Amino acid sequence: KMNDDEKSGAIVKTILMLGENLGIDVVAEGIETERQLESLRTLGCKLGQGYLFSRPVDASKARKLLKKRPLHIKQLHSHLDISTPVLEVTNIQ
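The sequence shown: position 81 = 65 (the numbering used here), numbered continuously.
Below you can see the structure in the form of structure tokens.
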């Protein structure tokens, strides 16, 4: 909706600026389209999640995806030029 509604776009921009000013990471949620991803990147958003990257999965499948995440993300979305991790995870067992 942020691309279709001026007020929504202004809210997203303000939240990103607030995060930057406070020195905290902001994670965009609900990214569903490449257009949304590009708009967020243009605004300086570096972290996000949503259906564009993956539908919800159960815990066992999530572990498998996370173990191979860098390759998986780059293969599925190489045309998106994802250079930063969508999700940083430690201690995966």
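Virtual Cβ for every residue (Gly too), placed ideally from N, Cα, C.
All of these numbers come straight from a predicted model, not from anything done at the bench.
Residues of the same chain with a CB within less than 7 Å of the CB of Val41, apart from the 5 flanking positions on each side, are Leu49 in chain order.
Within the same chain, Cβ atoms closer than 8 Å to the Cβ of Val11 are found at Leu31, Gly32 and Gln33, the five residues on either side in sequence being excluded. Contact between Met(-14) and Gly(-7) holds: CB atoms are separated by about 5 Å, below the 8 Å threshold.
Residue pairing from DSSP places Glu13 in a beta bridge opposite Gln33. Close CB contacts of Lys(-3) within its chain, under the 7 Å cut and outside five residues either way in sequence, are with Leu27 (chain order).
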